[in-house]
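Everything on this sheet refers to the single structure shown next.
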Amino acid sequence: MTTTPEQLPSHDPFGEPDPAGFLLRTGAQTRLAWLPPFQSCLVSKYEDVLPLLKDPRLINSTMIYLFEQLSPEDQHKVRHVRRSIDMWMGGSTFENHARFQKQLKSSFSVSAVNALRPRVRELTNELLDAVVDKGSMDVRADLALPLPANVIATMLGIPVADRELLRNWSHNVLQIFQQGTMERLLAGQDAIREMEDYLRPIVAQRRTDPRDDLVTMFTEDEREGRITEDEIVANCVMLLFAAHQTTAAVITHGLALLMQHPEQMTLLRAEPDRMPSAVEEIVRFDGPNKAIARHALEPIIIGGHHFPAGQGFLLSLQYANRDPDVYTDPDRFDITRESAHRHLGFGMGTYYCLGAALARAQVDECLRIVLDRLPNLRPAEDEAPEMAPGRQFGHIYDKLPVRF
């Protein structure tokens, strides 16, 4: 018998005083819940979330479920955003995702990423050189954002002089996914259009002047009929945005966690070889992706409940990564945790994050250098952190001031 919304506990995450803590609270209370604002079923337990991430009967709808909450009039206003996102890898169709992932996989392999580590170290040191004499910085603005932004821009072949411009555009694109106002959505749409207009001449240039970069690789696929110019531009926008926003969040949240747990920071300084494990624990404990949306192509059973084709689901990565049935003392941040690598912070299955290895490498190298060069790193006493605006699950730092 098909499960109806009335048969599940109903929760409105944005009707509560602390929406940032909603996923952890709700997961502790119930295995499944109905979320009226999303017309979706929230799935929280690790034992349910993991197989659903791998289930081919579910397609990714993380990019579009926010748009579907808008009125038809508002959806029309931001139709260009929807059209662009539909072409992204990880967008609305499995076929497009698989096609783009195959094209990009070799460029984001562990061996390809390890070849970038010297450049990551070089960039990290350059960014710290710019602030070290001041004795202070905003972790997000001065380090966490420019490091991965420069790395992915290098991979795409974007001129150095234009990279600050791309960072500003990416900031506005991020607002599309933060449950903000229509004004923020329109600002994100303007940024996408401007990025696309900027990228088209670069794509045209690579057709006649190929280089060792991802844009050239895309144009070679275009000649073979495997991709269109619109898809090239859309996926370059996606890479410029997603590849550095995720890494920036892990670096920022990682340093915040280490400062909140000074005994862990002391241990990591004394034993830097623990860094890979520390990175996994950071993503498990407070990763950038708190929940992802899925859409059922066929009927599906979860925890004895029968759901029809077309049902929407929100998979709680945040709670699954703190599930007490999987992790001992899950709310404790512990860089020595042997099971941290089991986290679902980068997804799993077909939609596993293509840039996971790149993110891990950048966070690893960056935090090693920061902890080595800034032995007195601490939160700013006279300036509080700021969280990103908009309604969202979990918290995202907009500003993290530190002193050293």
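So the sequence shown is numbered by our numbering: it starts at 72 and just counts up by one. For glycine and all other residues, C-beta sits at the position ideal for the given N, C-alpha and C. As the structure is a prediction and not an experimental result, all values here were calculated from the model.
* Between which two residues does the beta strand (DSSP E) containing methionine 208 stretch? -> 207-209
* **Close beta carbons around valine 350, own chain, < 8 Å, minus the five adjacent residues each side** => Val321, Gly325, Arg431, Val434, Asp435, Leu438
* Asked: Taking contact to mean at least 3 C-beta pairs separated by less than 8 Å, is the region 195-209 in contact with the region 262-279?
  -> no
* Measuring CA to CA, which of Arg190, Leu236, Val210 is closest to valine 222? -> Of all alpha-carbon atoms in Arg190, Leu236, Val210, the one lying nearest the alpha-carbon of valine 222 is that of Arg190.
* Asked: If you drop the 5 nearest sequence neighbours on each side, which residues of the same chain put their C-beta closer than 6 Å to that of alanine 391?
  -> In its chain, beyond the 5 residues on either side, Tyr117, Val120, Leu415 have a beta carbon closer than 6 Å to the beta carbon of alanine 391.
* Going by CA-CA distance only, name the one from Glu166, Tyr398, Arg102, Gln140 that's closest to glycine 375. => For glycine 375, the closest alpha carbon among the candidates Glu166, Tyr398, Arg102, Gln140 is that of Arg102.
* Asked: Is alanine 430 helix, strand or coil when you go by DSSP?
  -> helix
* Asked: What separation, rounded to the nearest whole angstrom, lies between the Cα atoms of arginine 234 and proline 217?
  -> Taking the straight line from one Cα to the other gives about 9 Å.
* **Within the region 116-171, ranges of the beta strand (DSSP E) (whole runs, at least 3 residues)** => 129-131
* **Residue environment, methionine 158, which counts as buried when at least 16 other CB atoms sit within 10 Å** => buried
* Asked: Since aspartate 469 is in the alpha helix (DSSP H), which residue starts that stretch and which ends it?
  -> Unbroken run through aspartate 469 is the beta strand (DSSP E), 468-470; no alpha helix (DSSP H).
* C-alpha distance - glycine 420 paired with tyrosine 468, whole-angstrom precision -> 28 Å
* For valine 252, which three-state DSSP category applies? -> Reading off the sequence, residue 252 comes out as threonine, not valine. If DSSP states are grouped into helix, strand and coil, threonine 252 belongs with coil.
* Asked: Since serine 178 is in the beta strand (DSSP E), which residue starts that stretch and which ends it?
  -> Serine 178 -> no beta strand (DSSP E), and no H or E assigned at all.
* Asked: What runs of the alpha helix (DSSP H), each 4 residues or longer, lie entirely inside the region 376-413?
  -> Those alpha helix (DSSP H) runs which fall completely within the region 376-413 and span 4+ residues are 388-391.
* Return the CA-CA distance between leucine 328 and alanine 362, expressed in angstroms with no decimal places. => If I take the Cα positions, the gap works out to 20 Å.
* Asked: When you compare only the Cα positions, how much space is there between alanine 232 and asparagine 447?
  -> 33 Å
* To do: Please work out which residues of its chain come closer than 8 Å, Cβ to Cβ, to lysine 470, disregarding the five sequence neighbours upstream and downstream, and give them in chain order.
  => Once the five neighbours on either side are set aside, the close Cβ partners of lysine 470 are Asp209, Arg211, Ala212, Pro456, Glu457.
* Whose CA, out of Leu386, Pro90, Phe165, Ala305, lies closest to the CA of asparagine 479? -> Residue 479 is absent from the structure shown; the chain starts at 72 and stops at 475.
* Asked: So what's alanine 459 in DSSP terms, helix, strand or just coil?
  -> coil
* Asked: Going by C-alpha distance, which of Asp283, Thr252, Lys173 is nearest alanine 224?
  -> Asp283
* Contacts around cysteine 307, its chain only, beta-carbon distance under 7 Å, and the 5 residues preceding and following it disregarded -> Leu227, Leu270, Val286
* Do glutamate 254 and the ligand GTP come close, with the Cβ less than 7 Å from some heavy atom? -> With respect to the ligand GTP, the structure shown offers nothing to examine, as it has no ligands at all.
* Within this structure, are the beta carbons of serine 241 and phenylalanine 312 separated by less than 8 Å? -> yes
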